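Numbering (this note's numbering), first residue to last: 98 to 430.
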């Protein structure tokens, strides 16, 4: 399956969340869904030599690297490092509204500089053989998305870029926090759908406010090429990913949260043997049983148990046994 086919459904890049342990868990739930790294800044890779930020497990594939930056030459160098490390796609962040990102002159602030974005994308495309894509907003601050978004996309398309992910909200660079920017600006799905009409050959994935597979299927049926889900995929990963291969991709069968827990045990053991901490993995597993009997007990058992000396896979198995017992009791009622 080509990378663009995997992009029918993807998990959005999310700082502090979609690290390698999170992605390993998500891959156990879905073989097909495209996964993204947290944003890695080009300066950290090129100037800082922090190539360890590119570490990932081969089992995570298909997986894409998201880069942050605004220097075309530096981004091209970072893209080469990403390709050499095995990533199937290099994505440019033109959507993050945080103050820290703005001060580094990348992220959503680049929506105001479409010519620079195009230059960056062109340099990255020239530097690598894998897909180079762009994740953007529909606009920022007082921009009129109806006016600026078509021009922004046209400049990207002119570089040879064939895939974009559009967060269907404006970003307010002044006056709203990054968290508020994920909720307060209104969603404009019709505008993103209109962009597909304007650019029929551009693969467009929509992002923002998507909470389940029913909604994802409806958006795909509307003519969009892909759906990117963020917070819901993180907080309720089994709800989003366990049925994704069958419902979105038409391949394979459903998985389960319980099966994913058992499959994580060897990974946890290897991580602990290498000197890692249990919480680095289990924090991403807290939502596995969200909305199901035992969900609160599962979260509490993992959250409280990880601090105990010698905590390891046995803690996870014990928490799962408690969930199973509660679920059995719930069914018996």
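Glycine included, C-beta positions come from ideal geometry on N, C-alpha and C.
All of these numbers come straight from a predicted model, not from anything done at the bench.
Cβ separation of residue i and residue j, assumed to be a contact under 8 Å, to the nearest whole Å
| i | j | result |
| --- | --- | --- |
| residue 130 | residue 106 | 5 Å |
| residue 339 | residue 351 | 6 Å |
| residue 101 | residue 260 | 6 Å |
| residue 48 | residue 139 | Because the chain is modelled from 98 through 430, residue 48 falls outside the range shown and cannot be assessed. |
| residue 275 | residue 167 | Not really, about 18 Å apart at Cβ, beyond 8 Å. |
| residue 358 | residue 385 | 7 Å |
Local Cβ density within 10 Å of residue i, reported as buried at 16 or more and exposed below that
| i | result |
| --- | --- |
| residue 311 | exposed |
| residue 99 | exposed |
| residue 134 | buried |
| residue 398 | buried |
| residue 241 | exposed |
| residue 327 | buried |
| residue 207 | buried |
| residue 144 | exposed |
| residue 393 | exposed |
| residue 295 | exposed |
| residue 391 | buried |
| residue 176 | buried |
| residue 421 | exposed |
| residue 405 | exposed |
| residue 302 | buried |
| residue 248 | exposed |
| residue 371 | exposed |
| residue 287 | exposed |
| residue 305 | buried |
| residue 113 | exposed |
| residue 110 | buried |
| residue 313 | buried |
C-beta atoms of residue i and residue j nearer than 8 Å
| i | j | result |
| --- | --- | --- |
| residue 190 | residue 204 | yes |
| residue 122 | residue 137 | no |
| residue 108 | residue 330 | yes |
| residue 223 | residue 173 | yes |
| residue 270 | residue 322 | no |
| residue 218 | residue 229 | yes |
| residue 403 | residue 375 | yes |
| residue 152 | residue 124 | no |
| residue 104 | residue 300 | yes |
| residue 244 | residue 169 | no |
| residue 320 | residue 293 | yes |
| residue 307 | residue 324 | yes |
| residue 355 | residue 414 | no |
| residue 128 | residue 342 | yes |
| residue 185 | residue 225 | no |
| residue 221 | residue 253 | no |
Bridge partner(s) assigned by DSSP for residue i
| i | result |
| --- | --- |
| residue 270 | Answer is none; residue 270 lacks a bridge partner. |
| residue 165 | 138 |
| residue 133 | 161 |
| residue 301 | 261 |
| residue 119 | In DSSP, residue 119 forms no bridge with anything. |
| residue 107 | 131 and 325 |
| residue 421 | Residue 421 is not bridged to any residue. |
| residue 190 | 232 |
| residue 237 | 268 |
Three or more C-beta pairs under 8 Å: does that hold for the segment 381-389 against the segment 332-346? yes
Give a yes or no on contact between the segment 351-371 and the segment 401-412, applying the rule of three or more CB pairs nearer than 8 Å. yes
On the three-pair Cβ rule with 8 Å, is the segment 277-285 touching the segment 215-233? no
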